[in-house]
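To start, the structure under review is shown below, and the notes come after it.
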Amino acid sequence: MPEKFLKPYDHTAVEGPIYKKWEDSGYFNPDNLPVRLDAQGKPMPQETFSIILPPPNVTGTLHLGHAYEDALQDTVVRFKRMLGYKTLWVPGADSAAIATQSKVETNLYKEEGKTRYDIGRDELMERIKKFTEESKNTILNQVRRMGSSLDWSRFAYTLDETRNKAVNEAFVRMFNADLIYRGERIVNWDPRMQTTISDDEIEHKEQVDPFYYFQYGPFVIGTVRPETKFGDKYVVMHPNDKRYAQYTHGQKIELEWINGPITATVIKDEAGDMEFGSGVMTITPAHSGVDFEIAQRHKLDFEPVIDSKGKLLPIAGEFAGMHIKKARPLIVEKLKEKGLLVKIDEKYTHNVAVNSRGGEMIEPQLKFQWFVDVNKEFVIPDSEIPGIESGSTTTLKKLMRAAVEHKGMVILPDHFEKIYYHWIDNLRDWCISRQIWFGHRIPVWYRGEEASVGKPGEGEGWEQDPDTLDTWFSSGLWPMSTLGWPEETSDLKTYFPNSMMAPGYEILFFWVARMVLMCGFLRGAIPFKTVFLHGIVRDKNGKKFSKSMGNGIDPLDMIEKYGTDALRMSLLVGAAAGSDIKFDEARVKGYKLFANKLWNITRFVFDNASDASADAPFTLKDAERATQFKALALDVTKDLEEYRLYMAAEKLYHYLWDIFAADMIEESKPIFKTGTPEEAASRKRLLMEILRDSLKLLHPFMPFITEEIWSSLPDSKEMLMVEAWPVRY
RNA sequence: GGGCGAUUAGCUCAGUUGGUAGAGCAACUCUUUUACACAGAGAAGGUCACAGGUUCGAGUCCUGUAUCGCCCACCA
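Going by numbering that gives the first Met the number 0, the letters in the first sequence line up with residues 0 to 728, in that order.
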């Protein structure tokens, strides 16, 4: 018996070398996997299993959410690999455009007091590049620490050349199909970052503000934002509101307003809520989505009041040029002096929109931007999507719905399907242009009135659109672009569509839905068969881990203390699809003890059964034990096939501790002491075989210790990670 | 406002199709017997949120209530 088994299991001595051994073997790359032979000695056909790592942000560091996500995927990947699938898990990193640029800009301002406009586009890009390259390796090495069996030779970065080609191709094809258009719409404008963001990047935050009531001619109107009211020349009420029956649609009313007399026009529209306030409102079409829609319906004027930096425009008269925050109290003061202030409700609770990517309050603005039209009909030439015929007319929305409705893609847990439909049904056109500099630049060139899509036009003087694309535009292509699309590579043919995807449920819309949209349109295919949505890892009080809250637990600390295997088990056990985990360090400790238990089981087996013979016939009792184990193996396999990892892990834990260690080893002692040679031989074979197969079953969950023990087995040749799974379900 | 989910032992959570309530941790008692003290043995601990219903039988299915949580949303 190797001497190491005489001491307790020491993960710190094992995990580093084992990972290196795996990586050096080349087996993370499915091209190098050993060929399995069938009974006739012919190579077995290899089905593929492919999955992509949700690419972590380049500038990030590993947190427990990543650790969980990595453990989850690696367990499935190792299981499939042992089952004989040609298994590919593609690693990558995400540039995280807004978050990264925001971080670099913040540092720039802190350290040098400069803004991006002071140093210019090229210099900023240089700094971002330097920053991302420094931090990229950090996160990738941390992913390795989790034991992730990723094929590093296929590493993809969202901003590299292959991915840029894919982005341009996608843009051009969507543009040519009229699914991408440029238009003037109300967009979500972040005045601090100076960029638009999409609807999904918005968060609503509850806030208490004063609510002002003003006399507006014969009406009383309410607002939290007096500073937008300069341009209000339409007064809207519900057509059925009896209180205002005397006023007719289109009626002009002369009244005194902030900067003097104006002419207001009465608009009867069902958007007016009779229950709210006085039932009358004025509208600001250039700075509000609802108002914009009302104005569109009645073909009214759109008059911007606030510029993109949050300053008032000349329409504000004496307040022009002033920042809205400063102007608000002064405007209220002026209205009060003019006797137009009716009352103030100081404690009005409402929701405001903020940029969820660490930005400011959103200021709706009327702007020219690029959009993806989700309702526009187009003809899909080839479609493998169930419910969508090749050559039929469809829309992006329909296609996204059909993928799930007709079971082309299964979402786990299934109640998220309802949430997915709900989102699609309420989806509006997707604003894809951003005014930040870090990201894929919009592939459109202008010269005067001319525009050229995909590449600059003939001749001189073409200028590329200064904007970049929403980071999710390129992320949506990820299942294809990581495999080389738009080139028809052999990887693409072999590994697309992916077998599964395991992101957190919080990016179901951002990412999963966008991948379905993109792959559906560009390839007529669903990007993956199963979406396993995992929950969020929270602290033991149920709070989200976040840097700003400072409640983070560094997974690397857990790995140091208890080992990667223990951390993986603690995250996987009790973690059903879609449910959040409250992280408890005591559980990690518990699985460290389990690792040691397995170590000691091995010691006993080595001590007593290292001369086991595979030919020894089983006694009746041992045959029963073998059958019992076989049942467990089948059970565990079924759970793994059906993505109930938590159950499989728990069953293995229970079997090894309470059956193998507690019962079988105990009953073996007298057999070896006083049993017949036949009984002893049977028992030796049993212990060795079950140990061997248990290591296989446990390997996907606890890859390090199982590989380490495997390497010490008397007759192990190959590494455990490529050994055949002991049973077929 | 719309939607989704949770509620099981002191704590964290399992309980896949309805068939005698489970694990880990913590707490209690005992044991250093050559796999393991990073252990073993034993005992203790629960009206499965509440109220109805279906059923021979409900933690599990149905209806309602309460509390907590999450997502979506343009009430000025």
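C-beta: ideal position from N, C-alpha, C; glycine also.
*How is T393 classed by DSSP in three states: helix, strand or coil?*
Taking the first sequence and counting its residues from 1, the one referred to as residue 393 is at position 394. Note: T393 maps to strand in three-state DSSP.
_Close Cβ partners of E722 (< 7 Å) along its chain, the five nearest in sequence each way excluded_ = Residue 722 sits at position 723 when you count from the first residue of the first sequence. Cβ within range, chain order: M81 and K695.
*Please go through the same chain and pick out, in chain order, the residues whose beta-carbon is closer than 8 Å to the beta-carbon of T194, but skip the five residues on each side of it.*
The residue given as residue 194 occupies position 195 in the first sequence. Cβ within range, chain order: I97, W188, R433, Q434 and I435.
_When A92, G271 and E255 are compared against P238, the one with the closest alpha-carbon_ = What you label residue 238 is simply residue 239 of the first sequence in a count that begins at 1. The residue with the shortest Cα to Cα distance from P238 is G271.
*Below 8 Å on the Cβ atoms is my guess for A575 versus Y645; work out the distance and round it to an integer in Å.*
Position 576 of the first sequence holds residue 575. Position 646 of the first sequence holds residue 645. About 6 Å separates the two Cβ atoms, so the contact holds.
*Taking the C-alpha atoms as reference points, what is the distance between R144 and V76?*
To locate residue 144, count along the first sequence from 1; it is residue 145. To locate residue 76, count along the first sequence from 1; it is residue 77. Spanning the two alpha carbons is a distance of roughly 16 Å.
*Express the C-alpha separation of F174 and A648 in angstroms, rounding to a whole number.*
Taking the first sequence and counting its residues from 1, one reaches residue 648 at position 649. Taking the first sequence and counting its residues from 1, one reaches residue 174 at position 175. Roughly 49 Å separates the two Cα atoms.
_Threshold first: 4 residues or longer. Then list the alpha helix (DSSP H) segments lying entirely within the region 355-436, N to C._
395-404 and 414-424
*Helix, strand or coil: which one does DSSP assign to K581?*
Within the first sequence, numbered from 1, the residue matching residue 581 stands at position 582. DSSP places K581 in strand when its eight states are reduced to three.
*Return the residue from the list Y212, T563 and P44 that minimises the CA-CA distance to V223.*
Along the first sequence, read from residue 1 onward, the residue named residue 223 stands at position 224. Looking at the Cα atoms, Y212 is the closest of the given residues.
*Which residue or residues does DSSP assign as beta-bridge partners of R440?*
Looking up residue 440 in the first sequence gives position 441. DSSP output for R440 lists T467 as bridge partner(s).
*Tell me, please, whether the region 489-509 touches the region 440-457 by the rule of three or more beta-carbon pairs shorter than 8 Å.*
no
*Leaving out the 5 sequence neighbours to the left and right, which residues in its chain are closer than 7 Å to Y8 when beta-carbon positions are compared?*
What you label residue 8 is simply residue 9 of the first sequence in a count that begins at 1. Result list for Y8: A594, N595, W598 and I704, in chain order.
_Where K397 falls, given that 16 or more other Cβ within 10 Å makes a residue buried_ = Walking along the first sequence from the start, residue 397 turns up at place 398. K397 comes out buried.
*Determine the burial state of P54: buried for a count of at least 16 other Cβ atoms within 10 Å of its Cβ, exposed for fewer.*
By 1-based counting over the first sequence, the position of residue 54 is 55. Its Cβ being crowded by 16 or more others within 10 Å, P54 is buried.
*Whole-number beta carbon distance between T467 and F437, since they are thought to touch under 8 Å*: Stepping through the first sequence from its first residue, residue 437 is reached at position 438. Stepping through the first sequence from its first residue, residue 467 is reached at position 468. About 7 Å; that satisfies the 8 Å criterion.
*Does the separation of the CB atoms of A263 and V234 fall below 7 Å?*
For the purposes of this step, residue 263 is taken as residue 264 along the first sequence, with counting starting at 1. For the purposes of this step, residue 234 is taken as residue 235 along the first sequence, with counting starting at 1. Yes, they are a contact pair.
*Does DSSP classify R624 as helix, strand or coil?*
Counting from 1 along the first sequence, the entry for residue 624 is found at position 625. R624: helix per DSSP, three-state reduction.
*First and last residue of the beta strand (DSSP E) that includes G182?*
The count along the first sequence starts at 1 and reaches residue 182 at position 183. Run containing G182: I179 to D189, per the beta strand (DSSP E) assignment.
*In this structure, does DSSP put R144 in helix, strand or coil?*
Along the first sequence, one-based indexing puts residue 144 at 145. Reduced to three states, the DSSP call for R144 is helix.
*Going by other Cβ atoms of all chains shown within 10 Å of its Cβ, with 16 needed for buried, is R242 buried or exposed?*
Position 243 of the first sequence, counted from the start, is the residue given in the question as residue 242. Label assigned to R242: exposed.
*Does the Cβ of H286 have 16 or more other Cβ atoms within 10 Å, making it buried, or fewer, making it exposed?*
Here residue 286 refers to the residue found at position 287 of the first sequence. Per the 10 Å Cβ criterion, buried.
*asked:* E383 and G523 - do their beta-carbons sit closer together than 7 Å?
replied: In the first sequence, the residue the question calls residue 523 occupies position 524. In the first sequence, the residue the question calls residue 383 occupies position 384. Against a cut-off of 7 Å, the Cβ pair of E383 and G523 comes out as a contact.
*Counted within 10 angstroms of its Cβ, other Cβ atoms place F582 as buried (16 or more) or exposed*: The sequence position of residue 582 within the first sequence is 583, counting from 1. Per the 10 Å Cβ criterion, buried.
*asked:* Considering just the uninterrupted stretch of the alpha helix (DSSP H) at V171, what are its terminal residues?
replied: One-based indexing of the first sequence puts residue 171 at position 172. Start and end: E160 to N175.
*N-terminal and C-terminal residue of the beta strand (DSSP E) that A263 is part of*: What you label residue 263 is simply residue 264 of the first sequence in a count that begins at 1. Taken as a continuous stretch (DSSP letters only), the beta strand (DSSP E) holding A263 covers G259 to K267.
_Considering just the uninterrupted stretch of the alpha helix (DSSP H) at T563, what are its terminal residues?_
One-based indexing of the first sequence puts residue 563 at position 564. T563 -> alpha helix (DSSP H) spans T563 to L571.
*Use the C-beta contact count for S389: other C-beta atoms within 10 angstroms, 16 or more gives buried, fewer gives exposed.*
One-based indexing of the first sequence puts residue 389 at position 390. S389 is exposed by the Cβ-count criterion.
*Would R684 pass as a contact of A615 if the rule is Cβ separation under 7 Å?*
To locate residue 684, count along the first sequence from 1; it is residue 685. To locate residue 615, count along the first sequence from 1; it is residue 616. Yes, these two residues count as a Cβ contact at 7 Å.
*For D93, write down the residues that DSSP places opposite it in a beta bridge.*
In the first sequence, residue 93 corresponds to position 94, counting from 1. Paired residue(s): N56.
*Can you tell me the Cα-Cα spacing of K741 and Q250, whole angstroms?*
Outside the displayed span of the chain (0 to 728) sits residue 741, for which this structure offers no information.
*Please classify T86: does DSSP put it in a helix, a strand, or coil?*
As a working note, residue 86 is residue 87 in the first sequence. T86 falls in the strand class under three-state DSSP.
*Same chain, Cβ closer than 6 Å to F275, five either side skipped, listed in chain order*: Within the first sequence, numbered from 1, the residue matching residue 275 stands at position 276. No residues qualify anywhere along the chain.
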